[in-house]
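S.K.: The listed protein sequences derive, respectively, from chains A and B.
Heads up: the first sequence at position 295 corresponds to 306 in this note's numbering, and the numbers run straight through without jumps.
Heads up: the second sequence at position 141 corresponds to 142 in this note's numbering, and the numbers run straight through without jumps.
The C-beta atom is built at its ideal place from N, Cα and C for all residues, glycine as well.
This structure is a prediction, so every number in the text was calculated from the model and none was measured.
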Amino acid sequence: MSEKLALNTGHEGSTRDQLASYFSRLKSGDMGPLPAVGAAILLMVLFSLLSNVFLTPINLTNLLVQSATLIMLTSALVFVILLAEIDLSAGVTFGTGMAIFVKLNQSSPNTWILNLLLAFVFGVAVGWFMGFFVAKIGVPSFVISLALYLAFPGVMLIILGEGGILTLQVPEVMAIMNGTMPLWAGWLLLAICLGVTAAMSLWDRSRRLKANLPVRPLTLLAMKLGGIAVIGAVIVQICNIDRRQGGLLNTSSPGYHPIQGMPIVVPFVVVILFICTFMLDRTRYGRHLYAVGGNPEAARRAGIKVAKIRMTAFIICSTLAMIAGVFNVSRIGNVESGAGKSIVLEGVAAAVVGGVSLFGGRGRLAYAALGAFVISTIDNGLGLLGVPAGLNFIITGSVLLVAATIDALARKRAGGSLVR
Amino acid sequence: MSAPVIELTGITKSFGPVDVLKGVNLVVHPGKVTALVGDNGAGKSTLIKGLAGVQPYDHGTVLFEGQEVQLTTPRQASALGIEVVYQDLALCENLDIVQNMFLGREEISQLTLDESNMEFAAVKALESLSVKTVKSVRQKVSSLSGGQRQTVAIARTVLRDAKVVILDEPTAALGVAQTEQVLNLVRRLADKGIAVVIISHNLIDVFKVADDIAVLYLGNMVAQLKTSETNHNDVIGYITGIKGSKETK
Ligand SMILES: Nc1ncnc2c1ncn2[C@@H]1O[C@H](COP(=O)(O)OP(=O)(O)OP(=O)(O)O)[C@@H](O)[C@H]1O
Ligand SMILES: [Mg+2]
Numbered sequence: 012m013s014e015k016l017a018l019n020t021g022h023e024g025s026t027r028d029q030l031a032s033y034f035s036r037l038k039s040g041d042m043g044p045l046p047a048v049g050a051a052i053l054l055m056v057l058f059s060l061l062s063n064v065f066l067t068p069i070n071l072t073n074l075l076v077q078s079a080t081l082i083m084l085t086s087a088l089v090f091v092i093l094l095a096e097i098d099l100s101a102g103v104t105f106g107t108g109m110a111i112f113v114k115l116n117q118s119s120p121n122t123w124i125l126n127l128l129l130a131f132v133f134g135v136a137v138g139w140f141m142g143f144f145v146a147k148i149g150v151p152s153f154v155i156s157l158a159l160y161l162a163f164p165g166v167m168l169i170i171l172g173e174g175g176i177l178t179l180q181v182p183e184v185m186a187i188m189n190g191t192m193p194l195w196a197g198w199l200l201l202a203i204c205l206g207v208t209a210a211m212s213l214w215d216r217s218r219r220l221k222a223n224l225p226v227r228p229l230t231l232l233a234m235k236l237g238g239i240a241v242i243g244a245v246i247v248q249i250c251n252i253d254r255r256q257g258g259l260l261n262t263s264s265p266g267y268h269p270i271q272g273m274p275i276v277v278p279f280v281v282v283i284l285f286i287c288t289f290m291l292d293r294t295r296y297g298r299h300l301y302a303v304g305g306n307p308e309a310a311r312r313a314g315i316k317v318a319k320i321r322m323t324a325f326i327i328c329s330t331l332a333m334i335a336g337v338f339n340v341s342r343i344g345n346v347e348s349g350a351g352k353s354i355v356l357e358g359v360a361a362a363v364v365g366g367v368s369l370f371g372g373r374g375r376l377a378y379a380a381l382g383a384f385v386i387s388t389i390d391n392g393l394g395l396l397g398v399p400a401g402l403n404f405i406i407t408g409s410v411l412l413v414a415a416t417i418d419a420l421a422r423k424r425a426g427g428s429l430v431r
Numbered sequence: 002m003s004a005p006v007i008e009l010t011g012i013t014k015s016f017g018p019v020d021v022l023k024g025v026n027l028v029v030h031p032g033k034v035t036a037l038v039g040d041n042g043a044g045k046s047t048l049i050k051g052l053a054g055v056q057p058y059d060h061g062t063v064l065f066e067g068q069e070v071q072l073t074t075p076r077q078a079s080a081l082g083i084e085v086v087y088q089d090l091a092l093c094e095n096l097d098i099v100q101n102m103f104l105g106r107e108e109i110s111q112l113t114l115d116e117s118n119m120e121f122a123a124v125k126a127l128e129s130l131s132v133k134t135v136k137s138v139r140q141k142v143s144s145l146s147g148g149q150r151q152t153v154a155i156a157r158t159v160l161r162d163a164k165v166v167i168l169d170e171p172t173a174a175l176g177v178a179q180t181e182q183v184l185n186l187v188r189r190l191a192d193k194g195i196a197v198v199i200i201s202h203n204l205i206d207v208f209k210v211a212d213d214i215a216v217l218y219l220g221n222m223v224a225q226l227k228t229s230e231t232n233h234n235d236v237i238g239y240i241t242g243i244k245g246s247k248e249t250k
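(1) Excluding five sequence neighbours on each side, which residues of the same chain lie with their C-beta closer than 7 Å to the C-beta of T26 of chain A?
(2) Based on Cα-Cα distance, which residue from B:H30, B:D59, B:S46 lies nearest to G17 of chain B?
(3) Report the rounded CA-to-CA distance for C204 of chain A versus I97 of chain A, giving the unit in angstroms.
(4) Since I believe R312 of chain A is in contact with A146 of chain A (beta carbons under 8 Å), could you give me their beta-carbon distance rounded to a whole number of angstroms?
(5) I want to verify the contact list: residues of chain B whose CB lies under 9 Å from the CB of I315 of chain A, in sequence order.
(6) For G427 of chain A and V303 of chain A, what's the separation of their Cα atoms in angstroms?
(7) Spell out a yes or no on whether the region 124 to 141 of chain A and the region 293 to 308 of chain A are touching, meaning 3 or more CB-CB pairs, one atom from each, closer than 8 Å.
(8) How many Å lie between S341 of chain A and L179 of chain A at the Cα?
(9) Confirm the yes/no value for this check: CB of K45 of chain B, any heavy atom of ligand 2, distance under 7 Å.
(10) Does DSSP put T47 of chain B in a helix, a strand or coil?
(11) Using the beta-carbon count (16 or more within 10 Å), is G358 of chain A buried or exposed?
(12) Roughly how many whole angstroms lie between the Cα atoms of I200 of chain B and L217 of chain B?
(13) Name the DSSP bridge partner or partners of P120 of chain A?
(14) Grouping DSSP H, G and I as helix and E and B as strand, with all else coil, what is E8 of chain B?
(15) Closer than 7 Å by beta-carbon distance: list the chain B residues that pair up with T294 of chain A, in chain order.
(16) Which residue or residues does DSSP assign as beta-bridge partners of I109 of chain B?
(17) In chain B, which residues lie less than 8 Å from G365 of chain A when you measure between Cβ atoms?
(18) Quick one: Cα of T262 of chain A to Cα of H268 of chain A, how far?
(19) Hey, would you say the C-beta of N41 of chain B is under 7 Å away from at least one heavy atom of ligand 1?
(20) Nearest chain A C-beta to Q68 of chain B closer than 8 Å, yes or no?
(21) Under the three-state reduction of DSSP, which class applies to A215 of chain B: helix, strand or coil?
(22) What residues of chain A sit near V135 of chain B, judged by a beta carbon separation below 8 Å?
(23) Let me confirm a value: W123 of chain A is counted as buried when at least 16 other C-beta atoms fall within 10 Å, else exposed. Which label applies?
(24) What residue does the beta strand (DSSP E) around M273 of chain A start on, and which one ends it?
(25) Quick one: does the C-beta of V19 of chain B sit closer than 7 Å to a heavy atom of ligand 1?
(26) If I'm right that L194 of chain A touches V346 of chain A with Cβ under 8 Å, what's the distance once you round it to whole angstroms?
(27) Between which two residues does the alpha helix (DSSP H) harbouring F433 of chain A extend?
(28) For L27 of chain B, count neighbouring Cβ atoms within 10 angstroms of its own Cβ and tell me buried if that reaches 16, exposed if not.
(29) With distances taken between CB atoms, is the gap from L130 of chain B to V86 of chain B smaller than 8 Å?
(30) Can you find at least 3 beta carbon pairs, one from the region 81 to 99 of chain B and one from the region 140 to 149 of chain B, that sit closer than 8 Å?
(31) Nearest to L93 of chain A by alpha carbon, out of A:I389, A:N19, A:V363?
(32) I'd like to know whether the C-beta atoms of I195 of chain B and P31 of chain B end up nearer to each other than 8 Å.
(33) Thinking V385 of chain A and G374 of chain A are a contact (beta carbons under 8 Å), I'd like their distance in whole angstroms, please.
(34) Taking buried to mean at least 16 other C-beta atoms within 10 Å of its own C-beta, is S13 of chain A buried or exposed?
(35) Counting contacts by CB-CB distance shorter than 8 Å, is I109 of chain B in contact with chain A?
(36) In chain B, which residues lie with their C-beta within 7 Å of the C-beta of K15 of chain A?
Listed below in structure tokens is the structure:
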């Protein structure tokens, strides 16, 4: 650092100063992901007390896999929610896309990659269609997506025919949710995550130093990396325990082979979340998305092509939703008419639990993903406790209401938010 | 006196049968604050919108630094260095100060947003206007006061290397202290050699900050006066139409 700047940039001061300003931000109501983190911890403690199955490696790994679909769908929705729009059809769009996929597989199973690609083309087309109506014609996104929400189950029924259900016969796709990686691959994934995080932080730091700006102490980076390392190591270790042990088969019996290792879906989720976060935080497109969500008129006057941003956000949403669809069909193994109908509302709930504002412009993708994990934990835990489905829905709804209320109260107290 | 940066001659503008500007002349000098005053509906905003390129004039010539120019789109105006700060400011509350100052003109390096250079340039721009009241340039605009927001909107024009900055009623919603701050800012903007045009209904502010006062009355420029050579009563006379047309160059 050379000369002293006339104004602060939020990077000044020692580790202690930085932590102090972080806590004062918390106190003033800018809580970031803390409500979601708190909810996740609380739920995990609660369920581990109530059920002796919850903390078993098999269930925790199951929870991880289970949450992947919702995390993907929530990430998709974040793009439109940041614009203060909504896509109620994201779920049935992936349902219809997957119906196309399995139907095409029936007649030409060898071209499954091409068939899958066609499903994604369908996703892009749906996003384009919706974006066109919203951005160019001015139909509220709630209405156009509700129209598709009502129409697509019918389309699925037509595609899937009489039985209304088709099974997936592609082992490669089945492997995404059901297959596991070798034990070392989990550790490698963690190492890559740590490496990339460190590299990006140091890259930012060197750019700030080059621009003569103050930088945060390295201790903070070390703390962040330490946190990721500990949490990551716990997850990898849990996944690497033999999930079959303690089951019906004896480990020494001849046909026995252990089920262990990180589910294949995990690196998929990590990479997609990374790409999306990168796009939102570090590119002009992401900045403009937040700007349009915050104040479309200001964005327009600043020369941002608002309609184009809206169109692309819907296209991204439908495309990411299709990935959620692949996860979903891989897990369930079939597509039935009506697939994706109920999960979309869980996706909206997850985003809100993660602190993404339905009024647009506020919220972060990673926190929304955390929100999705919270909702999945509720599903998983209540399932273990044998709670009837009806009660499950009621509890999920209540959690959404509590999260939204905490968020609204915190915002009120903050009166807007302070230093980033 | 230095050569004018903007010279309007015989500007007219009608909306259907309504003639809003009826042959307006206006001269704006670099480094000077020109106040544009006049009663409600006199045509001040219409005159400004023509300069911003959002609502082109019907007839008349616009000289920019001595050259005749066409102002038919906001892009043209902004390419010449004409920037307008509208009364509603057009800031994104969910973004921070730096992000707002570079909105739509974000700098890119190494394929990503060049946050460091933008942050540095924003600090320097605010520093050059002696802005000291903001806690951090990474503060969200939602947490700023009205005067601070005005400051950010004005500083944004400095970043864009504006030659002419037009402010539509910048102090209308501000208290005494914040008005003072913004007027000081306007003065410093002019001291940097920028031509400032300020619309205001508050004559006390106008006399405090302006070098020239241009008075519109029902679509006619009835007077363009030097502040040092006039007084409140004169100006009020022109605004209300009690005094007749007297154009000074
Ligand atoms: N788009 C338009 N269509 C029709 N008439 C208009 C339009 N814009 C302005 N006018 C008329 O032109 C006249 C001048 O309006 P203008 O907004 O320029 O006044 P002003 O001097 O800025 O007034 P104020 O002090 O109230 O802001 C008014 O009579 C107004 O009704
Ligand atoms: Mg006006």
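M.R.: Let me lay it out:
(1) Its chain contains P228, T230, L231 as the residues whose beta carbon lies nearer than 7 Å to that of T26 of chain A, once the 5 sequence neighbours on both sides are disregarded; these appear in chain order.
(2) Per the C-alpha coordinates, the member of B:H30, B:D59, B:S46 positioned closest to G17 of chain B is B:D59.
(3) Whole-angstrom Cα-Cα distance: 31 Å.
(4) Cβ-Cβ separation between A146 of chain A and R312 of chain A: approximately 17 Å, too far for a contact (criterion under 8 Å).
(5) By Cβ distance, chain B contributes L104, G105.
(6) Because G427 of chain A sits at a pLDDT of 47, beneath the cut-off of 50, its placement in the model cannot be relied upon, and the following sentence gives the value as read from the coordinates. Cα-Cα distance, rounded: 18 Å.
(7) Under the 8 Å Cβ criterion, the region 124 to 141 of chain A does not count as touching the region 293 to 308 of chain A, having fewer than three qualifying pairs.
(8) Computed Cα separation, rounded: 8 Å.
(9) Yes, the beta carbon of K45 of chain B sits closer than 7 Å to at least one heavy atom of ligand 2.
(10) Of the three classes helix, strand and coil, the one that applies to T47 of chain B here is helix, per DSSP.
(11) Buried is the call here.
(12) Cα-Cα distance, rounded: 11 Å.
(13) DSSP output for P120 of chain A lists no bridge partner at all.
(14) Of the three classes helix, strand and coil, the one that applies to E8 of chain B here is strand, per DSSP.
(15) Ordered by position in chain B, the residues that pass the 7 Å Cβ test against T294 of chain A are T113, L114.
(16) According to DSSP, which records beta bridges pairwise, I109 of chain B is partnered with B:L114.
(17) Residues of chain B with a Cβ closer than 8 Å to the Cβ of G365 of chain A do not exist, since the nearest Cβ in that chain sits about 16 Å away.
(18) Each residue's Cα considered, the two are about 8 Å apart.
(19) Flag set: Cβ of N41 of chain B near ligand 1.
(20) Interface annotation, Q68 of chain B: not in contact with chain A, CB-CB separation never under 8 Å.
(21) A215 of chain B: strand per DSSP, three-state reduction.
(22) Chain A residues near V135 of chain B: L18.
(23) Taking all protein chains shown into account, W123 of chain A has 16 or more neighbouring C-beta atoms within 10 Å of its C-beta and is therefore buried.
(24) Annotation for M273 of chain A: no beta strand (DSSP E) segment contains it, and DSSP assigns it neither H nor E.
(25) V19 of chain B Cβ: within cutoff of ligand 1.
(26) A Cβ-Cβ separation of about 33 Å leaves L194 of chain A out of contact with V346 of chain A under the 8 Å criterion.
(27) Any question about residue 433 of chain A goes unanswered here, given that chain A covers just 12 to 431.
(28) Counting every other CB atom within 10 Å of its CB across the protein chains shown gives L27 of chain B a total of 16 or more, marking it as buried.
(29) It is not a contact, given that the beta carbons lie outside the stated cut-off.
(30) They touch, by the three-pair rule.
(31) L93 of chain A has its Cα closest to that of A:V363, out of A:I389, A:N19, A:V363.
(32) For I195 of chain B and P31 of chain B, yes; Cβs fall inside 8 Å.
(33) 15 Å between Cβ atoms; not a contact.
(34) With a pLDDT of 48 at S13 of chain A, under the threshold of 50, the modelled position of that residue is not reliable, and no figure is offered here.
(35) So yes, I109 of chain B belongs to the interface.
(36) For K15 of chain A, there are no C-beta contacts with chain B under 7 Å, since the nearest C-beta of that chain is about 11 Å from it.
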